[in-house]
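Below is one structure, written out as structure tokens; comments come after it.
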Amino acid sequence: MRRSVSIAVLTVALATGVGTITGGQKNILASAQEKPATVEVKIDNFSFGPATLTVPVGTSVTWTNRDDIPHTVVSTDDPKSFKSKVLDTDEKFSFTFSKAGTYPYFCSIHPKMTGKVIVQ
Amino acid sequence: MAGKLKDEILYDHNHDGIDRRGFLKCMAWAGTGALCVMSGGVLKSYSLSRLPEMSSKEAMGELSFVQISDSHMGFNKPANPDVAGTLKAAVDKINALSAVPEFMLHTGDISHLSKPEEFDTVDQILKGAKPKDVFYVPGEHDVLNDDGKQFLERYGKASKGAGWYSFDKKGAHFIGLVNVMNLKAGGLGTLGHEQLEWLEDDVKHLKHSTPIVVFAHIPLWSVYPEWGWGTEDSAQALAYLKKFGSVTVLNGHIHQVMQKVEGNVTFHTACSTAFPQPQPGKADSPGPMKVPAEQLKSVLGITDVNYVQGQHALAVVDSTLA
Chain U
1 MRRSVSIAVL TVALATGVGT ITGGQKNILA SAQEKPATVE VKIDNFSFGP
51 ATLTVPVGTS VTWTNRDDIP HTVVSTDDPK SFKSKVLDTD EKFSFTFSKA
101 GTYPYFCSIH PKMTGKVIVQ
Chain F
1 MAGKLKDEIL YDHNHDGIDR RGFLKCMAWA GTGALCVMSG GVLKSYSLSR
51 LPEMSSKEAM GELSFVQISD SHMGFNKPAN PDVAGTLKAA VDKINALSAV
101 PEFMLHTGDI SHLSKPEEFD TVDQILKGAK PKDVFYVPGE HDVLNDDGKQ
151 FLERYGKASK GAGWYSFDKK GAHFIGLVNV MNLKAGGLGT LGHEQLEWLE
201 DDVKHLKHST PIVVFAHIPL WSVYPEWGWG TEDSAQALAY LKKFGSVTVL
251 NGHIHQVMQK VEGNVTFHTA CSTAFPQPQP GKADSPGPMK VPAEQLKSVL
301 GITDVNYVQG QHALAVVDST LA
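For the record, the sequence lines run as chains U and F. Residue 110 in the numbering used here is what sits at position 110 of the first sequence, and the numbering runs on without skipping anything. Residue 129 in the numbering used here is what sits at position 129 of the second sequence, and the numbering runs on without skipping anything.
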């Protein structure tokens, strides 16, 4: 949780231009590229939470299935940017977003479950 | 058990007094299965628990078969830690029927995670059932990771495409459809163009009086699209079946019994042999419903269908495992 909060703060800081000194921001971004920041998405009650996630380029997103039923995480583009294997309860899937863009995805077993990652 | 709602015939097409206005009845008697009795083209539904009260003739018709569904072998969460045990209970119930049903239909989600050992376990348990023929269609849990390759190798050798096929029994035409492949984001179950074309061709030369039984995993009618409980292009499939006097559609997927009559078509969903799911919209999600252990068998079940040739009655019968 703490990590996702810091990403959110960083995103706000970048978007508004509010922040400390420019050099400091560069350092944060540089370190983010070296070791990708991780953001969690929880799969609960047949839904992705948060359903829409905004992250900086280079962020690794990890999905965790907390349902009693298996789910998948599959991008809707063709060819697919990412596709997890079937995730049973408590299993995880991670993908690092190295290019900016909007990545809609869904659970291929329960296609009503949809989400999106916006990479800036 | 007599007098309880869950043991009553829901629709008897022989009685014209029945309200046929496209109504949907979501029965609280969750988790029964059905003995399907086909009587001259109309399907009746009986609880297996009620069968001891029925004459064997009434329970059998000219053709009777059993529908089981959603075994989810491999599931081991609190909603049912013993899915093998409850499937065996279903088999015991089938074996206790006064007349051996002609065959069994399994309407999908045989396994929970498409693992070979899960299919093996189900195969082993079903070998203990008196009806020796089992006809399968896949559920979405049976085609994980390999686009259904393993399912086809095990159960679909004589089928077309992703596993669809048809066969005839005692004058009735049975059609197994696959609506769990290539699901699209935000969408429902899908039959697809190729399968629909096959279906149109498959029924083209049949007499209008031929009783039709369609079985597929995801409901072919809109049970609750918000939870994905429906099939995008089922209307096209049903359009090909309009000319027939009697069409029965048997589905699984939603782990509870629902029935609906619409024109010439009767829709039925069967209970899971593994765990119940909530009624549409009655929970945050369609996940497994936890019920006290002593109640579990009362919400699981099998479906038995009988058909009587020439008398125009078809019956689906449901029964709990309790």
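The beta-carbon is built from N, C-alpha and C at its ideal position, and this holds for glycine as well. Just so you know, these numbers come straight off a predicted model, no measurement behind them.
Item, Value
"Short of 6 Å in beta carbon distance, which residues of its chain neighbour U:Lys-112, apart from the five on each side in sequence? Order them along the chain.", "none"
"Would DSSP call F:Leu-220 helix, strand or coil?", "coil"
"Would a check of beta-carbon distances place F:Lys-184 closer than 8 Å to chain U?", "yes"
"From the DSSP output, in three-state form, read off F:Phe-119 for me.", "helix"
"Would the region 97-116 of chain F count as touching the region 136-145 of chain F if we require 3 or more Cβ pairs under 8 Å?", "yes"
"In angstroms, rounded to a whole number, what distance separates the CA positions of F:Lys-170 and F:Val-37?", "13 Å"
"Report yes or no: do the region 76-91 of chain F and the region 116-127 of chain F share at least 3 C-beta pairs separated by less than 8 Å?", "yes"
"Report all residues from its chain with a CB closer than 6 Å to the CB of F:Pro-278; omit the five preceding and five following residues, and keep chain order.", "Met-289"
"Below 8 Å on the Cβ atoms is my contact criterion, and I expect U:Gly-115 with U:Thr-52 to pass it. Report the Cβ-Cβ distance as a whole number of Å.", "7 Å"
"If you reduce the DSSP assignment to three classes, tell me which class U:Phe-46 lands in.", "coil"
"Check distances from the C-beta atoms of the region 84-103 of chain U to those of chain F and list, in chain order, the residues that come in under 9 Å.", "Lys-85, Val-86, Asp-88 and Thr-89"
"Assign U:Asp-78 to one of three DSSP states: helix, strand, or coil.", "coil"
"For F:Trp-164, I'd like the list of residues in its chain whose CB is within less than 7 Å of its CB, leaving aside the five on either flank, ordered along the chain.", "Gly-176, Leu-177, Val-178, Gln-195 and Trp-198"
"Check the Cβ of U:Ile-69 against every Cβ in chain F and list those closer than 8 Å, keeping chain order.", "Gly-287 and Pro-288"
"U:Phe-46 versus chain F: which residues are under 7 Å apart at the beta carbon?", "Ser-285, Pro-286 and Gly-287"
"Could you spell out the range, first to last residue, of the alpha helix (DSSP H) harbouring F:Gly-85?", "83-95"
"Of all the residues that make up the region 75-87 of chain F, which are near chain U by a beta-carbon distance shorter than 7 Å?", "Lys-77 and Ala-79"
"Thinking C-beta only, is U:Val-86 closer than 8 Å to F:Leu-113?", "yes"
"Mind checking U:Ser-108: buried by the 16 CB within 10 Å criterion, or exposed?", "buried"
"Do F:Gly-301 and F:Ala-90 come within 8 Å of each other at the CB atom, strictly closer than that value?", "yes"
"Between U:Lys-80 and F:His-217, what straight-line distance do the alpha-carbon atoms span, to the nearest angstrom?", "27 Å"
"Pick out whichever of F:Ile-212, F:Glu-226 and F:Thr-231 has its Cα sitting closest to the Cα of F:Leu-220.", "F:Thr-231"
"Between which two residues does the beta strand (DSSP E) containing F:Ala-239 stretch?", "Unbroken run through F:Ala-239 is the alpha helix (DSSP H), 234-240; no beta strand (DSSP E)."
"Should F:Leu-199 be flagged as near chain U, meaning a C-beta pair shorter than 8 Å?", "no"
"Going along chain U in order, which residues have a C-beta closer than 7 Å to the C-beta of F:Trp-221?", "Correct list: empty, because the minimum Cβ distance to chain U is about 17 Å."
"Which of helix, strand or coil does DSSP assign to F:Ser-159?", "coil"
"Check whether the Cβ of U:Thr-114 lies closer than 8 Å to any Cβ atom in chain F.", "yes"
"Note down the Cα distance separating F:Ala-185 from F:Leu-97, rounded to an integer number of angstroms.", "43 Å"
"Check each candidate in F:Asp-201, F:Pro-116, F:Lys-77 and F:Ile-125 and name the one with the smallest Cα separation from F:Asn-95.", "F:Ile-125"
"Give the DSSP bridge partners of F:Ala-334, in chain order.", "Residue 334 of chain F lies beyond the residue range present for chain F, which begins at 1 and ends at 322; the question has no answer from this structure."
"Any idea what DSSP makes of F:Phe-215, helix, strand or coil?", "strand"
"From F:Thr-303 to U:Ser-98, what does the alpha carbon distance come to, in whole angstroms?", "52 Å"
"Sorry if obvious, but does the Cβ on F:Gly-85 come closer than 7 Å to a heavy atom of the ligand ADP?", "Among the ligands in the structure shown, none appear at all, so the ligand ADP cannot be discussed."
"In the structure shown, what three-state DSSP assignment does U:His-71 receive?", "strand"
"Using a C-beta to C-beta distance shorter than 7 Å, which residues of chain U count as neighbours of F:Trp-227?", "Lys-112"
"Comparing the C-beta of F:Leu-113 with each C-beta of chain U, is any distance below 8 Å?", "yes"
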